[in-house]
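A short worksheet on the structure shown next.
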Amino acid sequence: MTELSETGFRVSAGPESRSFVVEARRRDDDGGRWWFCWGGTVWLCEADNPADALVQIKGALRRIGPAQGGPSRETL
Numbered sequence: 013m014t015e016l017s018e019t020g021f022r023v024s025a026g027p028e029s030r031s032f033v034v035e036a037r038r039r040d041d042d043g044g045r046w047w048f049c050w051g052g053t054v055w056l057c058e059a060d061n062p063a064d065a066l067v068q069i070k071g072a073l074r075r076i077g078p079a080q081g082g083p084s085r086e087t088l
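Take the numbering used here: the final residue in the sequence shown is number 88, and no numbers are missing along the way.
What follows is the structure, encoded as structure tokens:
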């Protein structure tokens, strides 16, 4: 994990694997509560549930797969 800003960080499964940015953003349709999301539009979970966020992030890392094949970093 690499911190990019106060509200964003880049995650990967290892040095040779794909990565994506996870952000903490206010979600208007949930009363402005803070949520973790990736790709700017894929909501993971409320930010006050870090254990849930970890599970969701690990699942997303499995979905994007290794560095060869799968979606590019730019599309995530």
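We treat Cβ as the ideally placed atom computed from N, Cα and C, and that holds for glycine.
All values reported here derive from a predicted model rather than from experimental measurement.
Under the three-state reduction of DSSP, which class applies to residue i: helix, strand or coil?
i, result
"residue 71", "helix"
Assign residue i to one of two classes, buried (16 or more other C-beta atoms within 10 Å of its C-beta) or exposed (fewer than that).
i, result
"residue 83", "Only weak support exists for where residue 83 lies, its pLDDT of 45 falling under 50; the coordinates are left without a value."
"residue 30", "buried"
Could you tell me which residues DSSP puts in a beta bridge with residue i?
i, result
"residue 45", "39"
"residue 26", "Answer is none; residue 26 lacks a bridge partner."
"residue 2", "Given a span of 13 to 88 for the chain in the structure shown, any question on residue 2 remains unanswerable."
"residue 14", "22"
Hey, would you say residue i sits closer than 7 angstroms to residue j, going by beta carbons?
i, j, result
"residue 59", "residue 46", "yes"
"residue 23", "residue 69", "yes"
"residue 63", "residue 48", "no"
"residue 25", "residue 73", "yes"
Measure from the alpha carbon of residue i to the alpha carbon of each residue in the options, then state which is nearest.
i, options, result
"residue 42", "34, 20, 55", "55"
"residue 27", "19, 35, 37, 14", "14"
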